[in-house]
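Working notes, beginning with the structure itself.
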Amino acid sequence: MTLQRAPTAVATGVEVRGLMRGHAVATLATQLAGSGWPYASLVLVATAADATPLLLVSRLAEHTKNIAGDHRVSLLFDGTESSPSRLAGARATVLGRAMRTPDEAERGRFLRRHPDAEGYAGFADFGLFRVQVERAHLVAGFGRIHWVDERDILLPADVAAAFAKAEPGILATLNGDAAVAKVLGQRLGAGEWTITGADCEGVDTRAGGRTGRVAFAASVRTPADIPAALHALATKTS
């Protein structure tokens, strides 16, 4: 017999993914090499197709030295910026192990999210790391506090692989679609928005130094469904 996950677990997983996908920076916590003191630093972050956090860091940085000694890290994704009461806003602390990855598709995803990093990404001391998620602590306001398991946070491997394979073509289609450009303007405000990533739940965007995220009304089944999902948002906001 297959046990189904509780609706609350699924919903909290969606919320954690939304926080990870929607933020281009996070606070990285590591253990200071030698002393073990907690060490927090600001890092640029992107996500892989399955929502695994991606970091591009220099081995000269203190946090990278810390990771070399202990791969265990946590990332704080802070969604409280627009809340009038910061402690009532949503945030998630994601726990995992930071491991270097040579995956070119994931490197491309990071650099589309952070094009300024192109200037140093090729330096010998820089490397791309995946944070292999184990669980997360979601605080979504007073009384809404949950521990969320990895299986409820990351998308299934087959789903992620299908969207990753189709992503280059989908991005080309979406970024040439005037109706999609209208949706981005309605949802994110004026700007020359470019879609930098697409998955079954939404699209990542960038305009100059600003980043954004547009979520679909419901998760789509295939990459081919993405344009229609975005067009539907325009209908609802017109």
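Going by this note's numbering, the sequence shown opens with residue -16, and the numbers climb by one from there.
Note that beta-carbon positions come from the ideal geometry of N, C-alpha and C, so glycine has one too.
Being a predicted model, the structure only gives us computed values, none of them experimental.
- At least 8 Å separates the beta-carbon of Phe106 from that of Leu39.
- When only Cα atoms are considered, Val122 and Glu133 end up about 16 Å apart.
- In this structure Trp176 is buried. Its beta-carbon is surrounded by 16 or more other beta-carbon atoms within 10 angstroms.
- Counting of Cβ neighbours within 10 angstroms places Gly(-4) among the buried residues, the total reaching 16 or more.
- Scanning its chain for C-beta atoms nearer than 7 Å, with the 5 sequence neighbours on each side dropped, one finds around Arg55 the residues Arg80, in chain order.
- For Ala88, same chain residues with a beta-carbon under 7 Å away, outside a window of 5 residues either side, are Ala147 in chain order.
- Burial state of Ser57 is buried, judged by a 10 Å Cβ sphere holding 16 or more other Cβ atoms.
- Counting the other Cβ atoms within 10 Å of the Cβ of Thr194 gives 16 or more, which makes it buried.
- Annotated three-state conformation of Leu38 is strand, per DSSP.
- Counting every other CB atom within 10 Å of its CB across the protein chains shown gives Arg69 a total below 16, marking it as exposed.
- In this structure, Val116 places its C-beta atom within 8 Å of the C-beta atom of Val77.
- Counting only residues of its own chain and dropping the five nearest sequence neighbours on each side, Ser202 has a CB closer than 7 Å to the CB of Cys183 and Glu184.
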